[in-house]
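According to UniProt numbering, the sequence shown is numbered sequentially starting from 1. C-beta atoms are modelled at their ideal positions from N, C-alpha and C, and glycine is treated no differently.
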Amino acid sequence: MKLELRGITKRFGALTANDHIDLTVEPGEIHCLLGENGAGKSTLMNVLYGLYQADEGEIVLDDVVQHFAGPGDAMNAGIGMVHQHFMLIPVFTVAENVMLGHEQTKFGGRLDLNAARAKVREISDRFGFDVDPDALVDDLPVGVQQRVEIIKALSRDAKVLVFDEPTAVLTPQETDELMAIMRLLKERGTSIVFITHKLREVREVADRITVIRLGKVVGEASPTATNAELASLMVGRAVELTVQKAPAQPGKPALQVSNLSVIDPRGQVVVNDVSFEVRAGEILAIAGVQGNGQTELTEALMGLQSRVSGTVSLDGRSLVGMSVRKVLDAGVGFVPEDRKEDGLVGEFTIAENLMLDRSEGKPFVKGGNLQLSFLNGFAEDRSKEFDVRSQGIQTAVGRLSGGNQQKVVLARELSRELRLFVAAQPTRGIDVGSIEFVHKRIVATRDEGIPVVVVSTELDEVVALADRIAVMYRGSIVGIVPGTTSRDVLGLMMAGEVPAGIDVEGTAA
Ligand SMILES: Nc1ncnc2c1ncn2[C@@H]1O[C@H](COP(=O)(O)OP(=O)(O)OP(=O)(O)O)[C@@H](O)[C@H]1O
Ligand SMILES: [Mg+2]
């Protein structure tokens with residue numbers, strides 16, 4: 001199906017999030033939407049999906065002008081959307097979830113689980129998805145849950161599929177599989193809109209690229225463009241894709257972790273006897289494929305895991321058994337993997353989120369009174385520094401674009417008096433221009449003599465930041481190697497192997 005957006009304009013109060021946007025997606029085309037955080041990509045797709053009504057402009061499918069009062073209308077017209085935060089019900093099976101998307105009139109007039117099962121099986125076979133209709137969604141890896149979302153859309157005959165940053169939560173292998181699925185869908189004539197901040201993915205699958213800046217289309221780019229060309233078109237200036245950093249000047253050991261193990265609520269050992277230390281003024285990156293214990297390890301450091309054994313100390317003081325609150329008060333800055341769950345309160349303003357966890361003392365509270373003008377000044381400064389794009393510091397954080405929400409978390413955590421900085425997936429959802437800034441800030445934090453732990457599943461990020469790299473596999477540290485270690489070696493270690501001849505800390509005889 002041919003999709004045309006003609007002159008789409010969407011305003012939120014004084015802000016024009018989409019300003020007369022034209023976009024055409026041909027049948028069987030993968031069309032990438034590129035643009036910096038807050039450019040208006042998600043808004044445009046929400047208009048297409050009927051979640052927002054455009055103030056001006058038309059949505060045209062195969063030359064017929066559409067009027068969508070809500071997502072139901074968009075779905076009936078053949079539009080499907082794969083959300084980044086899945087809309088599935090975890091305690092239901094795959095087939096039940098797929099069935100839920102349909103009105104009762106489908107499948108012969110009533111909710112028919114067998115028909116839904118058959119449908120899942122048929123679509124799954126057609127695309128080689130390997131999804132069991134009777135599996136509980138909760139038991140499925142993220143990549144498979146995403147396929148369930150795709151099946152759900154296809155079961156409603158979606159002819160246009162929208163993917164808004166689908167790869168942010170996927171492992172590299174799941175990402176490759178998703179790319180293959182998108183190509184297969186395209187061969188079958190589906191029109192695809194794909195939003196991502198990862199330029200490598202764009203170059204891999206895009207047939208056409210449209211770049212949006214400040215709500216307007218600024219141009220088309222060729223899929224053969226270099227990363228640097230794409231990046232500068234997006235942000236309107238040249239971007240340094242690799243951070244310059246001087247060799248670390250490590251001081252005394254600051255964070256010391258010995259024989260740390262974590263048992264999850266299901267009784268599985270998810271972190272297995274892990275030991276490492278981080279010196280003042282160095283960056284230890286923890287690399288590994290998502291789901292190998294990194295999440296639980298950082299949570300254990302932060303007092304967010306209950307069944308923990310072993311010792312963790314910062315500057316000689318034990319952190320084990322402390323509440324999150326106490327850990328934060330001890331001077332630990334923390335960027336959680338999932339900003340929506342742990343990092344921000346969506347209904348609170350930017351200013352309020354910037355003082356979260358610090359509402360009990362100076363400088364924000366004096367003698368029991370909130371220092372409003374201080375807080376506002378602070379919020380203005382931090383927003384400017386971290387380039388948080390919003391209509392002002394009194395905007396609710398939930399209204400910000402994904403990448404701008406992430407910047408609020410970073411701004412808060414990097415503006416505290418730190419003794420340790422722990423960041424999980426610090427640049428998730430952040431555009432290339434802002435990644436440059438965030439990486440520089442993390443290196444600057446190191447250069448102030450603060451120990452830094454960065455957990456990242458992005459090898460590019462690990463290599464860019466790390467002085468030393470600990471690779472995790474199935475809950476254990478496979479080895480700790482210098483930051484200059486080659487990607488090939490790191491790749492093998494991420495699969496649990498240590499290649500012969502590689503010097504791993506602690507194993508030298
Ligand atoms: N419901 C809303 N109310 C008010 N403003 C909104 C709302 N939704 C989005 N905005 C604003 O519209 C602008 C565009 O946001 P949008 O989410 O479309 O950006 P994006 O291009 O998807 O960015 P990102 O790459 O960070 O996801 C932003 O300034 C955002 O704050
Ligand atoms: Mg977005």
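Whole-number beta carbon distance between residue j and residue i, since they are thought to touch under 8 angstroms
| i | j | result |
| --- | --- | --- |
| residue 25 | residue 160 | 7 angstroms |
| residue 215 | residue 40 | 4 angstroms |
| residue 469 | residue 285 | 5 angstroms |
| residue 192 | residue 150 | About 11 angstroms separates the two Cβ atoms, so there is no contact after all. |
| residue 256 | residue 472 | Between residue 472 and residue 256 the Cβ distance is about 18 angstroms, and since that is not below 8 angstroms, they are no contact. |
| residue 120 | residue 95 | 5 angstroms |
| residue 335 | residue 225 | Incorrect: roughly 31 angstroms between the Cβ atoms, too far for contact. |
| residue 483 | residue 251 | At roughly 17 angstroms, the Cβ-Cβ gap does not stay under 8 angstroms, so residue 483 and residue 251 are not in contact. |
| residue 37 | residue 404 | 5 angstroms |
| residue 21 | residue 235 | Not quite, the Cβ-Cβ distance comes to about 18 angstroms (not below 8 angstroms), so this is no contact. |
| residue 248 | residue 467 | 4 angstroms |
Straight-line gap, residue i to residue j (C-alpha atoms, nearest Å)
| i | j | result |
| --- | --- | --- |
| residue 328 | residue 19 | 42 angstroms |
| residue 66 | residue 56 | 13 angstroms |
| residue 104 | residue 116 | Caution applies to residue 104, whose pLDDT of 48 falls short of 50 and renders its modelled position unreliable; the value that the coordinates give is listed next. The straight-line gap from Cα to Cα measures roughly 12 angstroms. |
| residue 509 | residue 487 | Because the pLDDT at residue 509 is just 41, under 50, the model does not fix this residue reliably, and the point stays unresolved. |
| residue 314 | residue 454 | 16 angstroms |
| residue 500 | residue 276 | 22 angstroms |
| residue 372 | residue 60 | 49 angstroms |
| residue 584 | residue 208 | What is shown of the chain runs 1 to 509, which leaves residue 584 out entirely. |
| residue 45 | residue 457 | 27 angstroms |
| residue 398 | residue 187 | 37 angstroms |
| residue 231 | residue 239 | 6 angstroms |
| residue 200 | residue 140 | 27 angstroms |
| residue 196 | residue 138 | 25 angstroms |
| residue 4 | residue 73 | 17 angstroms |
| residue 513 | residue 396 | Any question about residue 513 goes unanswered here, given that the chain covers just 1 to 509. |
| residue 490 | residue 502 | 11 angstroms |
| residue 418 | residue 332 | 6 angstroms |
| residue 113 | residue 279 | 57 angstroms |
| residue 321 | residue 270 | 18 angstroms |
| residue 310 | residue 377 | 43 angstroms |
Contacts around residue i, its chain only, beta-carbon distance under 6 angstroms, and the 5 residues preceding and following it disregarded
| i | result |
| --- | --- |
| residue 274 | 260 and 477 |
| residue 429 | 168, 402, 403 and 406 |
Residue i beta carbon near ligand 2 (any heavy atom closer than 7 angstroms)
| i | result |
| --- | --- |
| residue 553 | Only positions 1 to 509 of the chain appear in the structure, and residue 553 is not among them; the question remains open. |
| residue 338 | no |
| residue 159 | no |
| residue 41 | yes |
| residue 164 | yes |
Per-residue burial, residue i [other beta carbons within 10 Å of its own, 16 or more giving buried]
| i | result |
| --- | --- |
| residue 317 | exposed |
| residue 47 | buried |
| residue 171 | buried |
| residue 425 | buried |
| residue 451 | buried |
| residue 363 | exposed |
| residue 35 | buried |
| residue 97 | buried |
| residue 319 | buried |
| residue 265 | exposed |
| residue 292 | buried |
| residue 281 | buried |
| residue 306 | exposed |
| residue 384 | exposed |
| residue 413 | buried |
| residue 337 | buried |
| residue 69 | exposed |
| residue 14 | exposed |
| residue 133 | buried |
| residue 128 | exposed |
| residue 87 | exposed |
| residue 370 | exposed |
Cutoff 8 angstroms; reference residue i; Cβ partners in own chain excluding five residues on either side
| i | result |
| --- | --- |
| residue 380 | 393 |
| residue 496 | 473, 474 and 478 |
| residue 158 | 75, 78, 79, 80 and 190 |
| residue 443 | 243, 245, 283 and 465 |
7 angstroms Cβ shell around residue i - same chain, five flanking residues per side excluded
| i | result |
| --- | --- |
| residue 166 | 82, 84, 146 and 178 |
| residue 106 | Residue confidence for residue 106 is low, a pLDDT of 49 falling below 50, so the modelled location carries little weight; the figure read from the coordinates is stated next. Here the set comprises nothing. |
| residue 324 | 302, 303 and 304 |
| residue 203 | 223 |
| residue 410 | 335, 386, 426 and 438 |
| residue 494 | 287, 288, 289, 471 and 473 |
| residue 441 | 414 |
Any non-hydrogen atom of ligand 1 within 7 angstroms of residue i CB
| i | result |
| --- | --- |
| residue 379 | no |
| residue 37 | yes |
| residue 287 | no |
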